[in-house]
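Q: Its first residue numbered 2, the sequence shown is counted upward by one per residue in full-length UniProt numbering. Glycine residues also receive a C-beta, built at the ideal position from the N, C-alpha and C atoms. Small disclaimer: the values here were computed from a predicted structure and weren't measured. Can you read through this structure? Questions will come right after.
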Amino acid sequence: EHKASSNFIKNIINEDLKSGKVDHIITRFPPEPNGYLHIGHAKSIILNFELADEFKGKTHLRFDDTNPVKEDTEYVESIKEDVMWLGYKWDELFFASDYFEEMYNRAVLLIKKGKAYVCDSTAEEIRKMRGSLIEVGQKSPYRDRSVEENLELFERMRQGEFKDGQKVLRAKIDMDSPNINMRDPVLYRIAHATHHNTGDKWCIYPMYDFAHPLEDAIEGVTHSICTLEFEDHRPLYDWVIRECEMDKVPQQYEFARLNITNTVMSKRKLKQLVDEQVVDGWDDPRMPTISGLRRKGYTPEAIRSFAREIGVAKADSVVDSKMLEFFIREDLKLKAPRTMAVLEPLKVVITNYPEDQVEMLEAENNSENPEMGSRQIPFSREIYIEQDDFMENPPAKYHRLFPGNEVRLKNAYFIKCNDIVKDETGKVIELHCTYDPETKSGTGFTGRKVKGTIHWVEASQAVPAEFRQYEPLILDQEEGDDTSFLEHINPNSLEVVQGFVEANIKDSKPQDKFQFFRHGYFNVDPLSLKQGKLIFNRIVSLKSSFQL
Ligand code: ATP
Ligand code: MG
Ligand code: MG
């Protein structure tokens, strides 16, 4: 595997090391534990860990848990699992909530320096006072409170004397700044809520723009990488570090967030899909979460290759979801055994094959990778083929099975269709065929040619299995259409069919992956164990017109 492709942040780090601005590198991945991680987070994880790795630095996993209402330990655990599964090991694990006391002390320092004040305005009043790009800001009537009064009020906020929203602590910066982020932003708010880590110890919580730079500085992070929306927040980030007199001075850098076609990529929206039971959990294989992709059958290698290929840009763009599929095909092509599965079975009786005889035939495990060797598969008088591989009245150029036609059974013999058995509704339920022993696969038979090759599974040993095939969860939305994603849910995003697989894969374990001829790559679903039957998730179909 090659290293993170060259990117502008790497150039910055190279220069920082050369100029002596830093002598070591610390990055961090700072998720808020308010949901499961998605593929966009994977990009950030890969970037942060690989950058540090490249410069022999360290990466911290830090839970940015400063909002008690939405956070939960379930999310903390899932995030750790996902980062490890992607293949990364953090050097240190931190919780921002462990810094609450220090953050409080830094806020007190700001008050003492006359750089912060307690404001009694409502959220709405503050929003109005801060103005807009074309409006100047208006000073709060509480802006000139004395240091003593501010210290006392802030302490009383902490003691729980006020209700949610009754007071906030604001930075005293510049109400005339062209950057609205600098117009006296809120640093602390009151929230009487139980926190997953600190319980009921606190009822005031720091805002992201105050907390994040302090977290980075406390941990000695050197390069704090975030998405482009935070570019305008950088002056505030630097102001907090400077005015709070932090010893270590981290630098924030921004890169373009990952967007993927027809893919919802926000924990808030993904949570809605879970809460409204559009999907059956965060790890539903239709979800773009790391746990959903894992359950669908994606590998960490495929996700890492995808992230490296898209690289790190300075401008937002949307990546085609087919690109992610390209990388899982690439990864599984030579790794996944190729076996036969019949998804919608039709029984075939080979009338001239001896009853009670089962012979073993040799089959390659991966025609593109001889190192995977071969296996023995049973053949007998009764087999299953795909319903799709037979037509009673075929159009021209149909080369599979139809009355009077001969096809090759993969790894076995030529068979010819002689009779059709139908049920009372006229549906074809069985075919009667004959085989030609001289056409056995591997014997070099050249007597005649057939145009079609079909796959099959021997009936007496076939293992029943369920196959789940997925289509995009969200349908294409035209440009300019700003209706909610919830109105564009694909009603056919999951199709479940029953069929059979070869006996030799009956003991497959969850997460085992196969290529089923013609159908694509499949992953054994973890539910298989609970339900006592093999359930396969289709990871991706075999082919696509997508090119890198
Ligand atoms: P969401 O809106 O999905 O909750 P977030 O940015 O609020 O995303 P965090 O938990 O704060 O989620 O994110 C942790 C890290 O992951 C941040 O550094 C953030 O920049 C990064 N990140 C989140 N989404 C993406 C994305 N789509 N592409 C790249 N990086 C992302
Ligand atoms: Mg965030
Ligand atoms: Mg968020």
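Determine the direct distance from the alpha carbon of S45 to that of A5, and round the result to whole angstroms.
A: At A5, the pLDDT of 45 sits below 50, so the modelled position is not reliable and the matter cannot be decided from this model.
Q: Closer than 7 Å by C-beta to D357: which residues in its own chain qualify, once you throw out the five before and the five after it? Chain order, please.
A: The answer is none, since no qualifying residue turns up.
Q: Let me know the secondary structure DSSP gives H61 once reduced to three states.
A: Three-state result, H61: strand.
Q: Quick one: Cα of E72 to Cα of I205, how far?
A: If I take the Cα positions, the gap works out to 15 Å.
Q: So what does residue 550 bridge to, in DSSP terms?
A: This structure cannot speak to residue 550, because the chain is shown only from 2 to 549.
Q: Does the distance from the CB of S322 to the CB of T262 come in under 7 Å?
A: Yes, the pair counts as a contact, with Cβ atoms nearer than the cut-off.
Q: According to DSSP, is Q273 part of a helix, a strand, or is it coil?
A: Note: Q273 maps to helix in three-state DSSP.
Q: Can you check DSSP and say which residues form a bridge with V169?
A: BP columns for V169 point to C120 and R190.
Q: Near L18, what residues of its chain come up, given a Cβ to Cβ distance below 6 Å and the 5 sequence neighbours on each side ignored?
A: There are no such residues.
Q: Relative to the alpha-carbon of T74, which residue among A53, G41 and P32 has its alpha-carbon at the smallest distance?
A: Here the closest residue by C-alpha is P32.
Q: Relative to the alpha-carbon of D83, which residue among L152, F56, G58 and I47 has its alpha-carbon at the smallest distance?
A: Comparing Cα positions, the closest option is I47.
Q: Answer yes or no: do E383 and S375 have a C-beta to C-beta separation smaller than 7 Å?
A: In this structure, S375 does not lie closer than 7 Å to E383 by Cβ.
Q: How big is the Cα-Cα spacing for R180 and H25?
A: Note that residue 180 is Asn in the sequence shown, not Arg. Going by the C-alpha atoms only, they are around 32 Å apart.
Q: My output table needs one value for A5: the three-state DSSP class, helix, strand or coil.
A: With a pLDDT of 45 at A5, under the threshold of 50, the modelled position of this residue cannot be trusted, and the question is left open.
Q: So is the beta-carbon of M266 under 6 Å away from any non-hydrogen atom of ligand 1?
A: Yes, ligand 1 has a heavy atom inside 6 Å of this Cβ.
Q: For E472, which option in N493, N538 and L294 has the closest C-alpha, if you only look at C-alpha atoms?
A: Here the closest residue by C-alpha is N493.
Q: Evaluate V502 with the Cβ neighbour count: other Cβ atoms within 10 Å of its Cβ, from every protein chain shown; 16 or more gives buried, anything less gives exposed.
A: Buried.
Q: Taking all protein chains shown into account, decide if K202 is buried (16 or more other Cβ within 10 angstroms of its Cβ) or exposed.
A: Exposed, because fewer than 16 other Cβ atoms sit within 10 Å of the Cβ of K202.
Q: Rounded to a whole number of angstroms, what is the C-alpha to C-alpha distance between S141 and G115?
A: Looking at the two C-alpha atoms, the distance is approximately 15 Å.
Q: Any chance the CB of G41 is under 6 Å from a heavy atom of ligand 1?
A: At least one heavy atom of ligand 1 is nearer than 6 Å to the Cβ of G41, so yes.
Q: Quick check on the DSSP output: the beta strand (DSSP E) that includes H25 runs from which residue to which?
A: Premise fails: H25 is in no beta strand (DSSP E) and is neither H nor E.
Q: Tell me, to the nearest whole angstrom, how far the beta carbon of M183 is from that of P236; I am working on the premise that it is less than 8 Å.
A: At roughly 6 Å, the Cβ-Cβ gap stays under 8 Å, so M183 and P236 are in contact.
Q: Is Q253 buried or exposed, if buried means 16 or more other CB atoms sit within 10 Å of its CB?
A: Under this definition Q253 is a buried residue.
Q: Using alpha carbons as the reference points, say which of T28, L259, H213 and A303 lies closest to E55.
A: It is T28 whose Cα lies nearest to the Cα of E55.
Q: Can A314 and A257 be called in contact, C-beta distance under 7 Å?
A: Taking 7 Å as the Cβ cut-off, A314 and A257 qualify as a contacting pair.
Q: Using a 10 Å radius around the Cβ and a threshold of 16 neighbouring Cβ atoms, would you call I14 buried or exposed?
A: Answer is buried; the Cβ neighbour count reaches 16.
Q: Where DSSP assigns a beta bridge to Y385, which residues make up the other side?
A: Bridge partners of Y385: K348 and V458.
Q: Within the stretch 387-428, note down every full beta strand (DSSP E) run reaching 3 residues or more, in order along the chain.
A: Counting whole runs of 3 or more residues, the stretch 387-428 contains the beta strand (DSSP E) stretches 407-410 and 415-423.
Q: What does the Cβ neighbour count give for K297, buried or exposed, with the cut at 16 atoms within 10 Å?
A: K297 comes out buried.
Q: How would you write the range of the beta strand (DSSP E) that Y522 sits in, first residue to last?
A: Element bounds for Y522: G521 to V525.
Q: Nearer than 6 Å: is that true of the beta carbon of S322 relative to any heavy atom of ligand 1?
A: S322 Cβ: outside cutoff for every heavy atom of ligand 1.
Q: What residues are listed by DSSP as bridge partners for T340?
A: F517, per the DSSP bridge assignment.
Q: With DSSP run on the structure shown, which of helix, strand or coil describes P539?
A: The residue asked about is misnamed: residue 539 is Arg in this sequence, not Pro. Strand, per DSSP.
Q: Which runs of the beta strand (DSSP E) fall wholly inside the stretch 430-514 and span at least 3 residues, in chain order?
A: The stretch 430-514 contains these whole beta strand (DSSP E) runs: 457-459, 464-471 and 495-502.
Q: Within 10 Å of its beta-carbon, does P465 have 16 or more other beta-carbons around it, so buried, or fewer, so exposed?
A: Exposed is the call here.
Q: Rounded to whole angstroms, what is the Cα-Cα separation between A172 and Q516?
A: Those two C-alpha atoms are separated by around 59 Å.
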